[in-house]
Amino acid sequence: MTKAEKFYDAVMRVPIVAFDLFFLAREASGIRAIVANHPYFGGDWPFLMTLAARTSVVIFLAVAVALHVSRYRPVSKYAAWEPKITALLGTLFTYLVLLTPRAPPAVFWDSLSTLLILLGSLLCILAVMDLGRSLSVMPEARKLVTNGLYRRIRHPLYLASEIATVGFFLQFRSWQTVPILVVHCYFQIRRMDWEEGILAKAFPEYVEYRRHTHRIVPGLY
Numbered sequence: 004m005t006k007a008e009k010f011y012d013a014v015m016r017v018p019i020v021a022f023d024l025f026f027l028a029r030e031a032s033g034i035r036a037i038v039a040n041h042p043y044f045g046g047d048w049p050f051l052m053t054l055a056a057r058t059s060v061v062i063f064l065a066v067a068v069a070l071h072v073s074r075y076r077p078v079s080k081y082a083a084w085e086p087k088i089t090a091l092l093g094t095l096f097t098y099l100v101l102l103t104p105r106a107p108p109a110v111f112w113d114s115l116s117t118l119l120i121l122l123g124s125l126l127c128i129l130a131v132m133d134l135g136r137s138l139s140v141m142p143e144a145r146k147l148v149t150n151g152l153y154r155r156i157r158h159p160l161y162l163a164s165e166i167a168t169v170g171f172f173l174q175f176r177s178w179q180t181v182p183i184l185v186v187h188c189y190f191q192i193r194r195m196d197w198e199e200g201i202l203a204k205a206f207p208e209y210v211e212y213r214r215h216t217h218r219i220v221p222g223l224y
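The sequence shown lines up with residues 4 to 224 when you count with the numbering used here.
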C-alpha cells in the first residue's frame with residue numbers, strides 16, 4: 004500500500020470516528036446531567052432503567068470507536084464515490100435520531116432498549132473477534148472471513164448493529180424517528196450490495212461462500 008493510500012485510509016476513518024466521539028460525549032454529558040438532578044436513586048427502578056438505557060448507548064458508541072480505529076487497511080476498494088457515500092450515510096444517518104427529543108421514561112421501553120443495545124454491542128464484539136481487524140466502513144475488501152458467526156450469515160456485524168439501532172429508537176418512539184429508520188435501512192441494504200460486489204471481485208471463493216449462506220437472518224434473508 005502506497006503512502007497516498009495509507010493517508011486516504013486514515014482520512015476515511017475520520018468522519019465515523021468523529022461522529023461517534025461527538026455523540027459519545029453528548030450522551031455522557033446527558034448522563035451526568037440526569038444523575039446530578041437525581042443524585043439519590045436507590046430503589047428507583049424507573050430511573051435506574053433510564054440510566055441503564057442511556058449508559059448502554061455510550062457503551063455502544065465506545066465500542067464503535069475502538070473497532071473503527073483498529074481495523075486493517077483494504078486490499079481492494081471501489082474507485083467510484085457512490086459506494087462510499089452510501090456506506091457513510093448507512094453508518095451515520097441513524098445518529099440523527101439522537102438529535103430528536105427522547106420519549107418520557109418508561110420502565111418497559113427503557114428496559115427493552117437497554118437489552119437490545121447491550122445485545123447488539125455484544126454481538127458486534129463477537130463478530131469483530133471473527134473479523135480480526137477486517138472491519139470496514141466503506142465497501143472494501145480486507146480479508147475474507149467465513150468462520151464463527153460468518154459461517155452461516157454473511158453480515159453478522161450488520162445484524163448486530165441493527166439490533167442495537169432498534170434499541171436506540173425505542174428510547175425516542177416518535178414519528179420523527181420513523182423516516183430516519185426507514186432511510187437508514189435502505190442505505191444499509193445498498194451498503195451490503197456494494198460490499199458483496201467488492202468481496203466477490205477480490206476473492207473468487209466468495210461466490211461459492213455466498214451460495215451457502217444468508218445475508219443476515221438464517222433461513223429468511
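Every residue, glycine too, gets a C-beta built ideally from N, C-alpha and C.
Residue range V110 to L134 is occupied by the alpha helix (DSSP H) that includes D133.
I156 sits away from R213, with the two beta carbons spaced by 8 Å or more. CA-CA distance, R154 to G33, rounds to 40 Å. Around L121, the same chain offers S59 as residues with beta carbons nearer than 6 Å, after the five sequence neighbours per side are excluded.
Residue pairing by DSSP places H217 opposite I156 in a beta bridge.
R105 sits in coil when the DSSP states are folded into three classes, being neither helix nor strand. For A203, the CB contacts under 8 Å within the same chain, skipping 5 residues up- and downstream, are Y209, V210 and R213 in chain order.
DSSP places D196 in the uninterrupted alpha helix (DSSP H) bounded by T180 to A205.
Taken through DSSP and simplified to helix, strand or coil, D47 comes out as coil. For R57, the closest alpha carbon among the candidates R176, I201 and A31 is that of A31. Annotation: A130 to A163 spans about 8 Å, alpha carbon to alpha carbon. With a contact defined as Cβ atoms closer than 8 Å, R176 and W112 qualify at about 7 Å. Secondary structure at P42: coil, using DSSP grouped into helix, strand and coil. A straight line joining the alpha-carbon of H215 with that of G222 spans about 11 Å.
Here L54 is buried, its C-beta having at least 16 other C-beta atoms within 10 Å. In the same chain as F206, and ignoring 5 residues on each side of it, the C-beta atoms closer than 6 Å to its own belong to L147, in chain order.
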